[in-house]
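K.L.:
Sequential numbering of the sequence shown, starting at 1, is according to full-length UniProt numbering. Just so you know, even glycine gets a beta-carbon here, dropped at the ideal spot from N, CA and C. Owing to the predicted nature of the structure, the values given are computational and were not obtained by experimental measurement. Mind having a look at this structure? Questions to follow.
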Amino acid sequence: MSTPNQPERPAASAGSAAANLSQAKIATPANHDGDESESPRLSRAERARARAKEREESGIGPTGRPLREIPEPAPLDHHGPAKVLAMCNQKGGVGKTTSTINLGAALAECGRRVLLVDFDPQGALSVGLGIQPHELDQTVYNVIMERSVGIEDVLRKTRVDGVDLLPSNIDLSAAEVQLVAEVGREHTLLRVLRPVMNDYDYVLVDCQPSLGLLTVNALTAADGVIIPLECEFFSLRGVALLIDTIEKVQERLNPKLDITGILATMYDPRTLHSKEVMARVVEAFGDIVFDTVINRTVRFPETTVAGEPITTWAPKSAGAAAYRALAREVIAR
């Protein structure tokens, strides 16, 4: 029987499951006569609300499994040492940055101190927290490449209590080339984070959409990986390559690395395609998949413009509730 602290693992290895998943086939329009079989008198939104109510009453979540009972996080009497989680997927546009910001804010609401690390040269995490990357004099790049610059010199407070940021900008793109000649180049981020590990409970690293040296650095420094996975067929096909990279880092650089969970994002309960992708992911990875599912909503683009997380921009929204539920799952694991 599974517990929140130790979710059951699927019988197959993550690598073999991902390989099978990459070959999965999704039903085409020829296989069904439309997305829904319910009465055409109901609008799609009304049907979605009706199904959500049915699932809630039956105790079945969007993953198709019974919802596991997740306890409320216990208060802390001290902070640290931090657990490092890499938000990783080489496919862009799957919700890595959005999830990093909102999970961090939700963890802070649970009384955890959180450091967000923008490890993408595009600087989207910094922008999402109201900071303009091109205006920064020092970023994570300077901490990595200049021994005279310490992490404390670059850390910035955010608008969210308990959440700090290690920002980034386009300068970081040069680090991937410059680090090639460095001794122990895969451990550079770990070296940078070490002085502040006892100041935080969680460090969330927003990785760039690639499997290059920067992402390998993040995986080498991490205790776990959260894989945001868009509920769309093309997202499935890249999972096998990502899992293969994670397993290589486990074997060669970081034996303690594990997959904390797979987070289904951009889920649209009105479409068969989203539900079929979800079913394939749960079939392949079992309880590694979080019960929490992030639905598509216009609220997330709004928060980017506002420069703050959804938990403060729209605290009563479904998106805010989802990330609070995810924070509880992450703490329980």
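Starting from the Cα of I259, find the closest Cα among V183, T220 and T158 and give me that residue.
P.N.:
Position 259 of the sequence shown, counting from 1, holds the residue named residue 259. The option with the nearest alpha carbon to I259 is T220.
K.L.:
Hey, could you find the ends of the beta strand (DSSP E) Y200 is sitting in?
P.N.:
Sequence index remark: in the sequence shown, residue 200 carries index 200 (1-based). No beta strand (DSSP E) holds Y200; DSSP gives it neither H nor E.
K.L.:
Determine the direct distance from the alpha carbon of C88 to that of P228, and round the result to whole angstroms.
P.N.:
Translated into the one-based positions of the sequence shown, residue 228 becomes position 228. Translated into the one-based positions of the sequence shown, residue 88 becomes position 88. Distance from the CA of P228 to the CA of C88, rounded to the nearest whole angstrom, comes to 7 Å.
K.L.:
Assign S148 to one of two classes, buried (16 or more other C-beta atoms within 10 Å of its C-beta) or exposed (fewer than that).
P.N.:
Position 148 of the sequence shown, counted from the start, is the residue given in the question as residue 148. Flag for S148 reads exposed.
K.L.:
In the structure shown, what three-state DSSP assignment does I227 receive?
P.N.:
For the purposes of this step, residue 227 is identified with residue 227 of the sequence shown, where counting begins at 1. Here I227 sits in strand by DSSP.
K.L.:
Around the C-beta of V330, are 16 or more other C-beta atoms found within 10 angstroms, so that it is buried, or is it exposed?
P.N.:
Residue mapping note: residue 330 aligns to position 330 of the sequence shown, counting from 1. V330 comes out buried.
K.L.:
Would you mind working out which of L165, C231 and S317 sits nearest H273, comparing C-alpha positions?
P.N.:
As a working mapping, residue 273 is identified with position 273 in the sequence shown. Of all alpha-carbon atoms in L165, C231 and S317, the one lying nearest the alpha-carbon of H273 is that of C231.
K.L.:
Are the CB atoms of T265 and I226 nearer to each other than 7 Å?
P.N.:
Residue 265 sits at position 265 when you count from the first residue of the sequence shown. Residue 226 sits at position 226 when you count from the first residue of the sequence shown. Result no, Cβ atoms of T265 and I226 do not sit closer than 7 Å.
K.L.:
Have a look at G286, D153 and G212 and flag the residue whose alpha-carbon is nearest the alpha-carbon of P195.
P.N.:
Counting from one through the sequence shown, the residue named residue 195 turns up at place 195. Of the listed residues, the one whose Cα sits closest to P195 is D153.
K.L.:
If you count every other CB in all the chains shown that lies within 10 Å of the CB of I170, and 16 or more means buried, which is it?
P.N.:
Indexing the sequence shown from 1 puts residue 170 at position 170. Exposed: under 16 other Cβ atoms inside 10 Å.
K.L.:
Just tell me which of L242, T297 and A279 has its CA closest to the CA of G92.
P.N.:
Start at 1 with the first residue of the sequence shown, and residue 92 comes out as number 92. Minimum Cα distance to G92 is reached at L242.
K.L.:
By the 10 Å Cβ neighbour count, where 16 or more other Cβ atoms means buried, how is F234 classified, buried or exposed?
P.N.:
Here residue 234 is taken as the residue at index 234 of the sequence shown, counted from 1. Exposed: under 16 other Cβ atoms inside 10 Å.
K.L.:
I think G123 touches S168, with their Cβ atoms under 8 Å apart; what is that distance to the nearest whole Å?
P.N.:
Residue mapping note: residue 123 aligns to position 123 of the sequence shown, counting from 1. Residue mapping note: residue 168 aligns to position 168 of the sequence shown, counting from 1. Indeed they touch by this definition, with Cβ atoms about 5 Å apart.
K.L.:
Within its chain, find whatever has a CB closer than 7 Å to the CB of G238; leave out the 5 residues flanking it on each side and keep chain order.
P.N.:
Within the sequence shown, numbered from 1, the residue matching residue 238 stands at position 238. A distance below 7 Å between beta-carbons, with the five flanking residues on each side excluded, links G238 to the following residues of its chain, in chain order: Q90 and K91.
K.L.:
Please report the distance separating the alpha-carbon of R113 from that of T215.
P.N.:
Position 113 of the sequence shown, counted from the start, is the residue given in the question as residue 113. Position 215 of the sequence shown, counted from the start, is the residue given in the question as residue 215. If I take the Cα positions, the gap works out to 23 Å.
K.L.:
Can you tell me whether I101 is buried or exposed, with buried defined as 16 or more other CB within 10 angstroms of its CB?
P.N.:
For the purposes of this step, residue 101 is taken as the residue at position 101 of the sequence shown. So I101 ends up on the buried side.
K.L.:
Under the three-state reduction of DSSP, which class applies to T75: helix, strand or coil?
P.N.:
In the sequence shown, the residue the question calls residue 75 occupies position 75. Sequence check: residue 75 is Pro here, not Thr. In the structure shown, P75 sits in coil (DSSP, three-state: anything other than H, G, I, E or B).
K.L.:
Report buried or exposed for K83, applying the criterion of at least 16 other Cβ atoms within 10 angstroms of its Cβ.
P.N.:
Within the sequence shown, numbered from 1, the residue matching residue 83 stands at position 83. Counting Cβ neighbours within 10 Å, K83 comes out buried, since at least 16 surround it.
K.L.:
For L155, tell me which candidate among R185, G184, D199 and T188 has the shortest Cα-Cα distance.
P.N.:
In the sequence shown, the residue the question calls residue 155 occupies position 155. Per the Cα distances, D199.
K.L.:
On the DSSP bridge assignment, give the partners of N295 in chain order.
P.N.:
Numbered from its first residue, the sequence shown carries residue 295 at position 295. According to DSSP, which records beta bridges pairwise, N295 is partnered with Y267.
K.L.:
Assuming V114 is part of the beta strand (DSSP E), what are its boundary residues?
P.N.:
Position 114 of the sequence shown, counted from the start, is the residue given in the question as residue 114. V114 to F119 is the extent of the beta strand (DSSP E) around V114.
K.L.:
How many angstroms separate the CA atom of T158 from the CA atom of Y323?
P.N.:
Against the sequence shown, residue 158 aligns to sequence position 158. Against the sequence shown, residue 323 aligns to sequence position 323. Cα to Cα, the separation comes out at about 18 Å.
K.L.:
Output the distance between the C-alpha atoms of H134 and V117, rounded to the nearest integer angstrom.
P.N.:
The residue given as residue 134 occupies position 134 in the sequence shown. The residue given as residue 117 occupies position 117 in the sequence shown. Using only the alpha carbons, I get a separation of about 17 Å.
K.L.:
With a threshold of 8 Å on Cβ separation, who are the neighbours of H187 within its own chain once the five nearest residues in sequence on each side are excluded?
P.N.:
For the purposes of this step, residue 187 is taken as residue 187 along the sequence shown, with counting starting at 1. Excluding sequence neighbours, H187 sits near N217, T220, A221 and L253.
K.L.:
Determine the direct distance from the alpha carbon of P62 to that of M278, and round the result to whole angstroms.
P.N.:
In the sequence shown, counting from the first residue as 1, residue 278 sits at position 278. In the sequence shown, counting from the first residue as 1, residue 62 sits at position 62. Using only the alpha carbons, I get a separation of about 8 Å.
K.L.:
Any idea what DSSP makes of R324, helix, strand or coil?
P.N.:
Here residue 324 corresponds to residue number 324 of the sequence shown, with the count starting at 1. In this structure, R324 counts as helix in the three-state DSSP scheme.
K.L.:
Excluding the 5 residues flanking R306 on each side, which residues of the same chain have their C-beta closer than 7 Å to its C-beta?
P.N.:
In the sequence shown, the residue the question calls residue 306 occupies position 306. Correcting the residue identity first, residue 306 is Ala in this sequence and not Arg. For A306, where only same-chain residues beyond five positions count, the Cβ hits under 7 Å are W313.
K.L.:
CB-CB under 7 Å to P315, same chain, minus the five flanking residues each way: which ones, in chain order?
P.N.:
Your numbering for residue 315 matches position 315 in the sequence shown. Residues of the same chain with their beta carbon placed closer than 7 Å to that of P315 are lacking, with the five preceding and five following residues left out of the count.
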